[in-house]
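Student: I am attaching a structure below and will ask some questions about it afterwards.
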Amino acid sequence: RKDIELIMEDKWNEEEKKKRMQIADELQKKPPPPPPIEDKSTPEHDGPKPQEA
157 RKDIELIMED KWNEEEKKKR MQIADELQKK PPPPPPIEDK STPEHDGPKP QEA
């Protein structure tokens, strides 16, 4: 019984490794997202600032 458990775990680990490799590959292919630009001219996300009010 122990052997079967080990084999199953091994298979699962292999699958996980493959998935991780694939994800890492995808991430490397994609250009990194541009950093969010803090736009001072659109105050709607954080509401009116107290010093502007």
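The opening residue of the sequence shown carries number 157 in this note's numbering; numbering runs sequentially from there.
For every residue, glycine included, the Cβ atom is placed at its ideal position computed from N, Cα and C.
1. Straight-line CA distance for LEU162 to PRO187?
2. Between ILE160 and GLU170, what straight-line distance do the alpha-carbon atoms span, to the nearest angstrom?
3. Can you give me the C-alpha to C-alpha distance between LEU183 and LYS167, rounded to a whole angstrom?
Tutor: Per the coordinate set shown:
1. Position 6 of the sequence shown holds residue 162. Position 31 of the sequence shown holds residue 187. The alpha-carbon atoms of LEU162 and PRO187 are separated by roughly 39 Å.
2. Residue numbering aside, residue 160 sits at position 4 when the sequence shown is read from its first letter. Residue numbering aside, residue 170 sits at position 14 when the sequence shown is read from its first letter. Looking at the two C-alpha atoms, the distance is approximately 15 Å.
3. Locating residue 183 in the sequence shown gives position 27, counting from the first residue. Locating residue 167 in the sequence shown gives position 11, counting from the first residue. So the alpha carbons of these two residues sit roughly 24 Å apart.
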